[in-house]
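In full-length UniProt numbering, the protein residues as written are 1 to 629.
Below, the structure is given as structure tokens:
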């Protein structure tokens, strides 16, 4: 979509913005006083580092506020704190929405947050992406027709009609443009008609014209919807900057200006700073707070660090602001706005987790099942592996010589072990989706257990098809004995364990590289206790307990009992014990007793291990965060 067409579509849609995406019963005001955010740092004198240092200010309904400051000044941190998205550190101070302290659920329902980087589902179209989010976030009593109307409303308002059926795309798959992706990201926040809209660097990565159009669009959302809009913005164009009503400026985690945008220049000039006539207002403000004035640096003594300290001491913007007229105006507005309690905080019941689970399966699973790449990866290795085995061991399963019996037993062990090693292919499913998962989790789209179950169900259904295909080739091509359905069930459950183990490791460790290193290590250790390398009776006493945790023990036991129990191969004495007594293959490997001698018990133990490891994975998603927010 060209920039010109994008601009024309923006103009057309601006007229339809009014009353189309209103925030509801009226706007809300946000007030924060003496907000301090600190994180533990061992090298700090008191063990903590203050990122935000007593910030106070207010964001008013129906106005658009620019949150400015140099890199590292605390802009994004402030938005995260106000929206309840901080996952670590300590927060102090007072935050009120229309005079009331908001709960976590209040923030999720009232605040729309547009992150700096677009986190979208690559394979969905624009319309599908919005419908997917609407189904996850809109209240429980919202009907399907109402959700569709809300999606169409957002598409109209944001000027996305021309790309509604275009896939989002990725680095390797061409899709929508950067400007369109930013609009879609804004749309994800708008589907719930939030009363507060926070945008983190909405113009980042966009050309100047597209950036101006995005800011104009956001401005309309504030004006027409009585919405409280705050944008962090680093280096805006003069045209985009002029569209803001208010400015809250930060420096080193402290407020250095809070008030009307058109009064900002007068404030800094009153402190003795003079704006160059050739420099735009936003450029001047950025330069003023970001760079070291050369006249101080050149006249200073000592090294560069001392120079920076000297400049900071001479340009203590926060102290200068606290003693200014602008600060007194800000305090009066905080008192005035903070006392307004006319609009109640809406209390909508969110969708049930079952509906969210079905939504995840509908919008995430079905597109995968239509992908040739997705299907090829999952079927390809099974077919190739089975054909290779078939070419080496064709028809060996019904032979009764000792070599064939040993060969088929070793092959069954290898088949179970390879399910564990092959599970590494499922690690990226969780690790590569982390930015999307964390964004949707913060938006209140679902609970960690719902997401985990959706991923597991998706792979479980596919594993049923791939396992059946593999089992048909193996069972009949090798002429295996016993029940075909038990063989399928044993192999399928082993595959499921591999998948759930991969998910659990991916949830617990910080990176895909670490997961791919840890997972095969664990599988290899379990292999030693699976009964093939060292029979169960010979495992040292101190290690014997650990053999009961090995999924390979029960998976191999299921396939071995199915192959040999009650058949000629299982009755032949091919081994001898220390006393010279003959032993069958099952007796030699210790597949006797109430557990290892029972197919049902082995399958039950496999199911139990799947449940245990799955619970560990869910707990990992719930309590371990690998982002640094």
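Glycine included, each C-beta is placed from N, C-alpha and C at the ideal position.
Item to check | Between the CA atoms of residue 479 and residue 396 - distance to the nearest angstrom | outcome: 6 Å
Checklist entry - Apart from the five residues just before and just after residue 199, which ones in its own chain have a Cβ nearer than 6 Å to its Cβ? => result 114 and 231
Checklist entry - Is there a Cβ from chain C that is less than 9 Å from the Cβ of residue 573? => result Reference to chain C is not applicable here, since this structure consists of a single protein chain.
Next on the checklist: Once DSSP output is grouped into helix, strand and coil, what is the label at residue 207?
Outcome noted: coil
Checklist entry - Where does the unbroken beta strand (DSSP E) through residue 59 begin, and where does it stop? => result 48–59
Item to check | Within 9 Å, strictly: CB atoms of residue 258 and residue 62 | outcome: no
Next on the checklist: By alpha-carbon positions, which one of 137, 489, 322 and 178 ends up nearest to residue 190?
Outcome noted: 137
Checklist entry - With DSSP run on the structure shown, which of helix, strand or coil describes residue 40? => result strand
Next on the checklist: Classify residue 386: buried if its beta carbon has 16 or more other beta carbons within 10 angstroms, exposed otherwise.
Outcome noted: buried
Checklist entry - Is it right to say residue 194 is buried, meaning 16 or more other beta carbons lie within 10 angstroms of its own, or is it exposed? => result buried
Item to check | Bridge-paired residues (DSSP) for residue 200 | outcome: 232
Item to check | Nearest residue (CA-CA) to residue 500, options 290, 420 and 565 | outcome: 420
Checklist entry - Using the rule of at least 16 other Cβ atoms within 10 Å of the residue's Cβ for burial, across every protein chain shown, is residue 629 buried or exposed? => result exposed
Next on the checklist: Nearest by alpha-carbon distance to residue 379: which of 469, 455 and 351 is it?
Outcome noted: 469
Item to check | Top-ranked residue by Cα proximity to residue 32, from 279, 405, 255 and 514 | outcome: 255
Item to check | residue 323 to residue 143 span [Cα, whole Å] | outcome: 54 Å
Item to check | Cβ separation of residue 93 and residue 228, assumed to be a contact under 8 Å, to the nearest whole Å | outcome: The pair is not a contact, with the Cβ atoms about 19 Å apart (cut-off 8 Å).
Next on the checklist: Does residue 582 come out as helix, strand or coil in the three-state DSSP assignment?
Outcome noted: strand
Checklist entry - Which residue or residues does DSSP assign as beta-bridge partners of residue 100? => result 97
Item to check | Sequence-distant residues of the same chain with beta carbon closer than 6 Å to residue 446, five excluded per side | outcome: 356
Next on the checklist: Less than 7 Å between C-beta atoms, sequence neighbours within five positions excluded: which residues of the same chain meet that for residue 89?
Outcome noted: 37, 38 and 39
Checklist entry - Taking only runs of the beta strand (DSSP E) that begin and end inside the region 62–149, which ones reach a length of at least 3 residues, in chain order? => result 64–68, 90–97 and 111–114
Checklist entry - Among 531, 320, 622 and 108, which residue has its Cα nearest to the Cα of residue 550? => result 531
Item to check | Integer Cβ distance of residue 527 from residue 552, believed to fall under 8 Å | outcome: 6 Å
Checklist entry - Taking the alpha carbon of residue 165 as the point to measure from, which residue in 86, 130, 267 and 146 has its own alpha carbon closest? => result 130
Checklist entry - Considering only the beta carbon of each residue, do residue 458 and residue 361 sit closer than 9 Å? => result yes
Next on the checklist: Can you find the residues in the same chain that come closer than 6 Å, C-beta to C-beta, to residue 365, ignoring five residues on each side of it along the sequence?
Outcome noted: 458
Next on the checklist: Between residue 160 and residue 187, how many whole angstroms is the CB-CB distance? I'm expecting something under 8 Å.
Outcome noted: 7 Å
Next on the checklist: If distances are taken between C-alpha atoms only, which option among 51, 207, 162 and 584 comes closest to residue 400?
Outcome noted: 584
Checklist entry - Leaving out the 5 sequence neighbours to the left and right, which residues in its chain are closer than 8 Å to residue 625 when beta-carbon positions are compared? => result 87, 88 and 438
Item to check | Backbone secondary structure at residue 481 - three-state DSSP | outcome: coil
Checklist entry - Does the region 64–72 come within contact of the region 231–245, defined as at least 3 CB pairs closer than 8 Å? => result yes
Checklist entry - DSSP on residue 33, reduced to helix/strand/coil? => result strand
Item to check | Element boundaries [beta strand (DSSP E), containing residue 369] | outcome: Run containing residue 369: none in the beta strand (DSSP E); it sits in the alpha helix (DSSP H), 366–369.
Checklist entry - Excluding five sequence neighbours on each side, which residues of the same chain lie with their C-beta closer than 7 Å to the C-beta of residue 483? => result 562
Next on the checklist: Could you tell me the alpha carbon to alpha carbon distance between residue 614 and residue 587, rounded to whole angstroms?
Outcome noted: 33 Å
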